[in-house]
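Quick note, the working numbering runs 8 ahead of the 1-based positions in the sequence shown.
Working notes, structure below.
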Amino acid sequence: MATLFDNTLKRLIEAAEHLDLDPRFLEKLKNALEMTQARLPIRMDDGSTKSFLAFRCRYDDSLGPTKGGIRFHQQVNGDEVMALALMMTSKCAVMDLPFGGAKGGVMVDPHSLSNMEHESLSRAYVRAFAHVIGPDRDIPAPDVGTNEKTMAWMMDEYSTIVGKRTPAVITGKPVALGGSLGRDDATARGAYNIIEHKARTLGLKRGARVAIQGFGNAGMHMAQLMAADGYKIVAASDSKGAVHAPAGFDIGELLAAKLHGGNVTSMAGSAGVSEIPGDELLAVDCEVLVLAALENMVHKGNAGSIKARLIVELANGPVTPEADEVLKAMNVVILPDILTNAGGVTVSYFEWVQNREGDRWTLDQVHARLKTAMEREADAVWAYAREKNITLRTAAYVLALSRIAAAMEALGTDKF
Ligand code: GLU
9 MATLFDNTLK RLIEAAEHLD LDPRFLEKLK NALEMTQARL PIRMDDGSTK SFLAFRCRYD
69 DSLGPTKGGI RFHQQVNGDE VMALALMMTS KCAVMDLPFG GAKGGVMVDP HSLSNMEHES
129 LSRAYVRAFA HVIGPDRDIP APDVGTNEKT MAWMMDEYST IVGKRTPAVI TGKPVALGGS
189 LGRDDATARG AYNIIEHKAR TLGLKRGARV AIQGFGNAGM HMAQLMAADG YKIVAASDSK
249 GAVHAPAGFD IGELLAAKLH GGNVTSMAGS AGVSEIPGDE LLAVDCEVLV LAALENMVHK
309 GNAGSIKARL IVELANGPVT PEADEVLKAM NVVILPDILT NAGGVTVSYF EWVQNREGDR
369 WTLDQVHARL KTAMEREADA VWAYAREKNI TLRTAAYVLA LSRIAAAMEA LGTDKF
């Protein structure tokens, strides 16, 4: 069976067919630049010792130091980390950021850790990979299962190792420690900027019904932004199940249910709200489906049940290439991950710039620059899609590849 990495590489190879590319560039991108694995032994609160498997993959650095999050999840594995690092390489290129791509991960269920164990694991990660990361080499950030607290511990550990305060080694930090304003909802806001910018082209009207798969940081912020602008959130799911409100949720109640009840299903029983099995969320009657959970959630087996006309990929790799084909035949438009969820890494870039300049930008400055960047690159992706008559996903990969190839070319043949 094709792995996530196989599927990701396949998309890049398909995109290459639409460019007049020196085959050596693509050949180089078939393998990661550097893949490091480590074992992180942690003293648990009960006095026992547990060992966790950890990875950091720097996929390609043609465009600059590598950039990408660190995931804490029980299903983390080398193939997934490498695939996500390749997606980051393409994502940074789509946004025209001066970064290559990377990703890291620890195979652990973060919910099983106490606060102190989470801190020990975060610090152990940095001790194991301190020789890999650095503000000019590889800059981590949050991903699934990690948050600003994780980033704070990691930055502190790295600063201790190198003997100087080094905020630019990691992004997504708390604002009190050099994090950027606007980083917390940047992934959702970036996607929303594109939706608003392209609403007319997409035939989208405010008031449209929206279903959200995955009610974590990105999914919750997306629900908030869309509801505030008049869209109707009619379904939401998380790891425990899903809830459906055909007339639309009271967004305040839904967010409170998630934040205080732990899961969206704690909303079930309220007027007009019913609980449905998690996998039925995809089939809910709506115009927009936001995928904000994990990779491979929409596959050949369930793509046909989707009713939405527009899919917004807030997660990385939520739709398999086989499902892409099914959805294309159904005329469903997909706003692809490497463009659509790139608001997160874009504001991470802003954070890195602020740290290096010793500066702080206002929230308005961050929002304005994010909007400009998202609209600019969305226009570039749409232009390729029209010109070459290809999907937005392939167009995004074409744009990414053309920029990576230009950097490789400029670096000279001796780099091969
Ligand atoms: N983990 C996020 C992503 O997948 C953010 C990466 C970053 O900010 O470097 O895009």
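Ideal Cβ positions, reconstructed from N, Cα and C, are used throughout, including at glycine.
{"query": "For residue 338, the nearest candidate out of 304, 81, 311 and 33 (CA to CA)", "result": "311"}
{"query": "Run of the alpha helix (DSSP H) containing residue 113, from where it starts to where it stops", "result": "Note, residue 113: premise wrong, no alpha helix (DSSP H); beta strand (DSSP E) at 108–115."}
{"query": "Residue 170 - DSSP class collapsed to helix/strand/coil", "result": "helix"}
{"query": "Per DSSP, cross-strand counterpart(s) of residue 59", "result": "49"}
{"query": "Residue 416 versus residue 33 - alpha carbon distance", "result": "7 Å"}
{"query": "Distance between beta carbons of residue 371 and residue 187, contact taken as under 8 Å", "result": "Actually they do not touch by this definition, with Cβ atoms about 12 Å apart."}
{"query": "Cβ contact (3+ pairs, closer than 8 Å) linking the segment 63–75 and the segment 136–155", "result": "yes"}
{"query": "Touching by the beta-carbon criterion (3+ pairs, under 8 Å), the segment 274–289 and the segment 237–249", "result": "yes"}
{"query": "Cβ contact check for the segment 388–407 and the segment 335–349: 3 or more pairs under 8 Å", "result": "yes"}
{"query": "Exposure label - residue 124; buried when at least 16 CB within 10 Å", "result": "exposed"}
{"query": "C-alpha distance - residue 313 paired with residue 160, whole-angstrom precision", "result": "42 Å"}
{"query": "Distance cut-off 7 Å: residue 356 Cβ against heavy atoms of the ligand GLU", "result": "yes"}
{"query": "Burial state of residue 359 (16 or more Cβ within 10 Å)", "result": "buried"}
{"query": "Residue environment, residue 64, which counts as buried when at least 16 other CB atoms sit within 10 Å", "result": "buried"}
{"query": "Cβ-heavy atom distance, residue 266 to the ligand GLU, below 7 Å", "result": "no"}
{"query": "DSSP bridge partner residues for residue 217 (one or two, in chain order)", "result": "240"}
{"query": "Proximity of residue 353 and residue 326 at Cβ, strictly below 8 Å", "result": "no"}
{"query": "Residue 140: CB within 7 Å of a non-hydrogen atom of the ligand GLU", "result": "no"}
{"query": "Collapsed DSSP secondary structure at residue 65 in the structure displayed", "result": "strand"}
{"query": "Segment limits, alpha helix (DSSP H) that includes residue 128", "result": "123–137"}
{"query": "Complete runs of the beta strand (DSSP E) confined to the segment 289–332 [at least 3 residues]", "result": "296–299 and 318–321"}
{"query": "Closer than 7 Å: residue 149 CB and nearest the ligand GLU heavy atom", "result": "yes"}
{"query": "Cβ-heavy atom distance, residue 353 to the ligand GLU, below 7 Å", "result": "yes"}
{"query": "8 Å Cβ shell around residue 362 - same chain, five flanking residues per side excluded", "result": "186, 188, 368 and 369"}
{"query": "Euclidean distance between Cα positions of residue 414 and residue 48", "result": "39 Å"}
{"query": "Cβ contact check for the segment 165–183 and the segment 213–229: 3 or more pairs under 8 Å", "result": "no"}
{"query": "CB contact flag (residue 84, residue 115, <8 Å)", "result": "yes"}
{"query": "Residue closest to residue 408, alpha-carbon to alpha-carbon, out of 96, 78, 38 and 257", "result": "96"}
{"query": "Proximity test, residue 99 beta-carbon vs the ligand GLU heavy atom, cut-off 7 Å", "result": "yes"}
{"query": "Extent of the continuous beta strand (DSSP E) to which residue 80 belongs", "result": "78–81"}
{"query": "Beta strand (DSSP E) segment containing residue 479, residue limits", "result": "This structure does not reach residue 479, given that the chain is present from 9 up to 424, and the question cannot be answered."}
{"query": "Check whether residue 218 and residue 340 have beta carbons under 8 Å apart", "result": "no"}
{"query": "Residue 146 - partner residues in DSSP beta bridges", "result": "74 and 142"}
{"query": "Status (buried if at least 16 other CB within 10 Å, exposed otherwise) for residue 225", "result": "buried"}
{"query": "Minimum C-alpha distance to residue 293 - residue among 69, 268 and 256", "result": "256"}
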